[in-house]
Amino acid sequence: MAESKPAHLEPSKLGTKAYWDALYTTELTTHTSDPSLEGTVWFDDSDAEAKILSYLSPNRDDSDSDNEDDDHSPNPHPHDLTPSTASILDLGCGNGSLLFSLRDDGWSGHLLGVDYSPHSISLAKSIAQSRENEDLKSVEFKVWDVLNGDIPSISPPTGWDLVLDKGTFDAVSLSSETDSLGRRINEGYGERVLQLLKTGGIFLVTSCNWTETELRTWFETSTAPNDGKTKLKMAGRVDYPSFSFGGVKGQTISTLCFEKVVVE
């Protein structure tokens with residue numbers, strides 16, 4: 002396993018629980034006053050949720066890719082998930098927007114959103130209750146800390162088919178906290194994801210703070226194998242419109258797909 006890791010991000014208030022508690026308290030108050038206002042949809046300016054849904058769709062057409070770069074050619078389907086049965090966990094679910102979108106798109110299996118802010122979970126549950134004429138039985142929300150929560154308390158016996166992260170690793174990476182090993186807490190994030198996934202399950206992570214190369218380093222290279230038996234391996238990517246600056250191509254956010262595979 003390579004020793005080199007990306008340079009850590011400068012700590013920010015966005016890496017603190019106090020910040021998110023305050024944000025979701027405000028958004029819950031606003032939603033209570035006007036149920037049509039459901040709070041922030043992260044990466045909405047990049048249309049991330051629609052692209053994630055398209056990527057996960059069993060009927061995905063890779064010929065519609067926005068990115069024609071030869072290095073980012075269309076991928077084969079990275080999964081064999083069935084919308085009616087796939088178990089899906091959203092880490093740091095916020096207001097539950099991504100799970101609601103998945104449910105609306107036909108993903109009707111076990112959908113669970115977790116967040117360490119109880120105010121976030123209150124908001125998500127309130128939104129679920131305020132949506133009229135919709136069957137929300139397949140969407141569940143719980144207060145749970147991805148880095149410290151008891152995994153058996155929220156995970157199926159064999160693990161989750163799909164684990165989602167839309168900005169949560171970004172927030173964790175902005176925390177100044179360290180773990181029992183003296184590491185910045187984001188360094189142990191991939192290890193927790195491995196424990197949550199079933200073998201063959203996939204992890205779909207979206208970030209605006211880390212490049213694709215850095216995400217691969219954090220999750221594919223720097224995450225220690227679980228019990229020396231399983232690891233995360235990149236299985237695909239979501240394409241976003243790219244831009245060029247100084248002769249270098251890039252994009253404002255990145256979404257990568259990793260599969261939990263057996264170490265060879």
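With my numbering applied, the sequence shown corresponds to residues 2 to 265, in that order.
Note that CB positions come from ideal geometry on N, CA and C, so glycine has one too.
For clarity, every value in this text was computed on a predicted model and none was experimentally measured.
1) Do you know offhand how far Ile192's Cα is from Gly110's?
2) What residue from Leu148, Val262 and Asn210 has the CA that sits closest to Arg185's CA?
3) Considering just the uninterrupted stretch of the beta strand (DSSP E) at Ala236, what are its terminal residues?
4) For the structure I just gave you, are there three or more beta carbon pairs, one from the stretch 165-179 and one from the stretch 88-98, closer than 8 Å?
5) Do Ala125 and Asn96 count as a contact pair if the criterion is CB distance below 8 Å?
6) Can you tell me whether Asn227 is helix, strand or coil according to DSSP?
7) Do Tyr117 and Trp145 have their CB atoms nearer than 8 Å?
8) Considering Cα atoms alone, identify which of Gly150, Val140 and Leu197 is closest to Gly160.
9) Within its chain, find whatever has a CB closer than 6 Å to the CB of Pro7; leave out the 5 residues flanking it on each side and keep chain order.
10) Grab the span of the alpha helix (DSSP H) containing Leu57 for me, first residue to last.
11) From which residue to which residue does the beta strand (DSSP E) around Leu277 run?
12) What does DSSP give as the partner residue(s) for Val263 in the beta ladder?
13) If I measure Cβ to Cβ from Tyr20 and keep anything under 7 Å in the same chain, skipping five residues before and after, which residues do I get?
14) Under the three-state reduction of DSSP, which class applies to Gly95: helix, strand or coil?
15) Does DSSP put Trp270 in a helix, in a strand, or in coil?
16) Whole angstroms are fine: how far does the CA of Thr83 sit from the CA of Asn289?
17) Would you kindly report the start and end of the unbroken beta strand (DSSP E) that includes Lys167?
18) Could you name the residues that DSSP lists as bridge partners for Leu141?
19) In angstroms, rounded to a whole number, what distance separates the CA positions of Thr207 and Gly114?
20) How about Ile53 and Leu205: are their beta carbons less than 8 Å apart?
21) Please report the distance separating the alpha-carbon of Pro12 from that of Trp211.
22) Could you tell me which of Ser88, Phe101 and Thr253 sits nearest to Ile155, measuring between CA atoms?
23) Could you check if Ser47 is buried or exposed, using at least 16 other CB atoms within 10 Å of its CB as the buried criterion?
24) Looking only at C-alpha atoms, which of Val42, Leu10 and His9 sits nearest to Tyr25?
25) Measuring only the C-alpha atoms, how far is Gly40 from Glu213?
26) Compute the Euclidean distance between the alpha carbons of Thr256 and Thr31, then round it to the nearest angstrom.
The short version:
1) The displayed chain sequence assigns Glu, not Ile, to residue 192. Taking the straight line joining both Cα atoms gives about 25 Å.
2) Leu148
3) Thr231 to Val239
4) yes
5) yes
6) strand
7) yes
8) Leu197
9) Glu215 and Thr218
10) Ala49 to Leu57
11) Summary: the structure shown does not reach residue 277, with the chain confined to residues 2 through 265, and so no result is reported for it.
12) Thr231
13) Lys14
14) coil
15) Lying before the first or after the last residue shown, residue 270 is absent from the chain, which here runs from 2 to 265.
16) Past the boundaries of the shown model lies residue 289; the chain is included only from 2 to 265, so the question cannot be answered.
17) Trp161 to Lys167
18) In the sequence under discussion, the amino acid at residue 141 is Glu, which differs from the Leu named in the question. According to DSSP, which records beta bridges pairwise, Glu141 is partnered with Leu113.
19) 16 Å
20) yes
21) 14 Å
22) Ser88
23) buried
24) Val42
25) 28 Å
26) 30 Å
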